[in-house]
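As structure tokens, the structure follows; a few thoughts come after it.
Residue numbers (this note's numbering): 15 to 497.
Here it is as structure tokens:
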């Protein structure tokens, strides 16, 4: 705004605690399930309880009670955060099964599929594994299945423009897939004409979602309204890479989206339509610190944001650019990666040599380039994972004061459910019946994923057990009371 303030700054109401049921540091699956089901679960769990039973989500409850529902993300739609609102699996890596929930989960009491409008990446989990670029573990073609079921499938900007020209109708379900994997970082999307011709921005996807859902939510006698979850997913991934360039541009893209939504929410409330906007992270990533001591001398108490303004690509993009170059020389690395890519004109011989040695390892090169620009900006990172700090909580519109103060992440899910008057028990009971072969003789492979896959795929940090490690549920119960 010219004064150094961002759209979210005026919406700050408190902070959210982020721990999961089995660790003081949550992952995205448990963190998002706290919002969607209003309960704590173990790291890696998607829409299930610590006792490994499916939990009804606010999105499912909203759909069951007549609201329109939507998801927008810049990650794969099958990734942990969006998945936690519509899927129920014991391991976040089961993305083949998660995609099935988005297309095939149509219990009668949901009145169709759980999500009416979904835009994001992750096309590879909708393609049969006999197709080039597929990520599925089976040969199901979910795009063909979606079209059979009457779902409007939108891929790429040309089809999105066509959909808009047709009016962006609110009839039926809409599935937009704009990348095989995650969508690209905003700075890379803007700098690459091919990407801008294929991928909409977060704000563009959100605007389309609001147009669709506001119309769909006003249909019928009850005129219920809608629930929409929007995730600026790539902010987290840039944090994992300790990439300040990708990080800041995706944060600015998210801020622009928040501003757009806030104006829309204000207009709704001015017309007497009770509408609420909540913005929060499920965790912090990277342990980012503004101010980094880069020498053994007394710290300077400085950081240099202008350093980041000189960069033209994310370090992730540059790492892959290096790996794709047939015979990169140190001169090429200096001019293409450091100078043109990061705006660094004083690369040392050691930096050039280290990056050259990593020329076949995009991840390693990415880390080296990220550290080079972070040091010059004097930004510090403590981890390539998540941290356990409380995160800022923002709210605007109807009953935004209900979240003031320091709250548990589960309180946010409860706040949504209470204000929308949602019954989370109804979807939970339906899911328990749906997932039990004893009560459903016609169960499908999706139906029994909870019961037959529980002991597979569980990584050590997904462990739902307690007692073996000091940072598991038993330790947490003594540390901070019962959950």
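Cβ atoms here follow ideal geometry from the backbone N, Cα and C, with glycine treated the same way.
Buried/exposed call for residue i, threshold 16 Cβ in 10 Å
| i | result |
| --- | --- |
| residue 211 | exposed |
| residue 144 | exposed |
| residue 30 | buried |
| residue 18 | exposed |
| residue 309 | exposed |
| residue 92 | buried |
| residue 292 | buried |
| residue 312 | exposed |
| residue 146 | exposed |
| residue 2 | Lying before the first or after the last residue shown, residue 2 is absent from the chain, which here runs from 15 to 497. |
| residue 418 | exposed |
| residue 285 | exposed |
| residue 296 | buried |
| residue 162 | exposed |
| residue 172 | exposed |
| residue 379 | buried |
| residue 54 | buried |
| residue 114 | buried |
| residue 208 | exposed |
Residue i in three-state terms, based on DSSP
| i | result |
| --- | --- |
| residue 377 | helix |
| residue 527 | As shown, the chain starts at 15 and ends at 497. That puts residue 527 outside it, with no answer to give. |
| residue 469 | A caution first: residue 469 carries a pLDDT of 33, below 50, which makes its placement in the model unreliable, though a value can still be read off. Correct three-state label for residue 469: coil. |
| residue 362 | coil |
| residue 409 | strand |
| residue 166 | strand |
| residue 325 | coil |
| residue 20 | coil |
| residue 1 | Within the shown structure, residues of the chain are numbered from 15 to 497, placing residue 1 beyond reach of any answer. |
| residue 151 | coil |
| residue 448 | In this prediction, residue 448 has a pLDDT of 47, which is less than 50 and means its spatial position is unreliable; what the coordinates show is noted afterwards. DSSP places residue 448 in helix when its eight states are reduced to three. |
| residue 482 | With a pLDDT of 37 at residue 482, under the threshold of 50, the predicted position of this residue should be treated as unreliable, though the coordinate-derived value follows. In the structure shown, residue 482 sits in coil (DSSP, three-state: anything other than H, G, I, E or B). |
| residue 423 | helix |
| residue 344 | helix |
| residue 175 | helix |
| residue 400 | strand |
CA-to-CA distance, residue j to residue i, given in whole angstroms
| i | j | result |
| --- | --- | --- |
| residue 48 | residue 426 | 8 Å |
| residue 24 | residue 407 | 11 Å |
| residue 366 | residue 243 | 43 Å |
| residue 95 | residue 445 | 19 Å |
| residue 262 | residue 216 | 14 Å |
| residue 300 | residue 251 | 9 Å |
| residue 222 | residue 60 | 27 Å |
| residue 393 | residue 442 | 44 Å |
| residue 373 | residue 200 | 24 Å |
| residue 405 | residue 434 | 24 Å |
| residue 362 | residue 343 | 15 Å |
| residue 117 | residue 370 | 45 Å |
| residue 130 | residue 57 | 28 Å |
| residue 192 | residue 349 | 32 Å |
| residue 339 | residue 287 | 55 Å |
| residue 474 | residue 37 | Note that residue 474 scores a pLDDT of 41, beneath 50, so its modelled location is shaky and nothing firm can be said. |
| residue 306 | residue 185 | 53 Å |
| residue 62 | residue 68 | 4 Å |
| residue 137 | residue 377 | 23 Å |
Closest residue to residue i among the options (Cα-Cα distance)
| i | options | result |
| --- | --- | --- |
| residue 214 | 337, 186, 198 | 198 |
| residue 432 | 94, 98, 50, 329 | 50 |
| residue 328 | 222, 357, 300, 344 | 357 |
| residue 396 | 304, 309, 411, 96 | 304 |
| residue 14 | 404, 190, 34, 150 | For residue 14 there is no data in the structure shown, the boundaries of the chain being 15 and 497. |
| residue 324 | 300, 342, 354 | 354 |
| residue 290 | 226, 330, 416, 193 | 416 |
| residue 320 | 115, 106, 387, 54 | 387 |
| residue 106 | 165, 41, 117 | 41 |
| residue 258 | 322, 314, 195, 208 | 322 |
| residue 437 | 165, 77, 67 | 77 |
| residue 168 | 132, 337, 202, 141 | 132 |
| residue 128 | 135, 35, 21, 112 | 112 |
| residue 422 | 35, 16, 22 | 35 |
| residue 203 | 88, 68, 84 | 88 |
| residue 360 | 377, 389, 375, 376 | 389 |
| residue 302 | 83, 180, 52, 253 | 253 |
| residue 401 | 39, 16, 26 | 39 |
| residue 224 | 43, 298, 178 | 178 |
Rounded Cβ spacing between residue i and residue j (contact assumed at less than 8 Å)
| i | j | result |
| --- | --- | --- |
| residue 264 | residue 246 | 6 Å |
| residue 206 | residue 384 | Residue 206 to residue 384, Cβ: 19 Å. No contact. |
| residue 274 | residue 249 | Actually they do not touch by this definition, with Cβ atoms about 17 Å apart. |
| residue 316 | residue 336 | Contact doesn't hold; Cβ gap of about 30 Å is too wide. |
| residue 141 | residue 165 | At roughly 15 Å, the Cβ-Cβ gap does not stay under 8 Å, so residue 141 and residue 165 are not in contact. |
| residue 70 | residue 333 | Their Cβ separation, rounded to whole angstroms, is 41 Å, which puts residue 70 and residue 333 out of contact at 8 Å. |
| residue 195 | residue 90 | 6 Å |
Proximity test, residue i beta-carbon vs the ligand FAD heavy atom, cut-off 6 Å
| i | result |
| --- | --- |
| residue 57 | Within the structure as shown, the ligand FAD is missing, as the structure has no ligands at all. |
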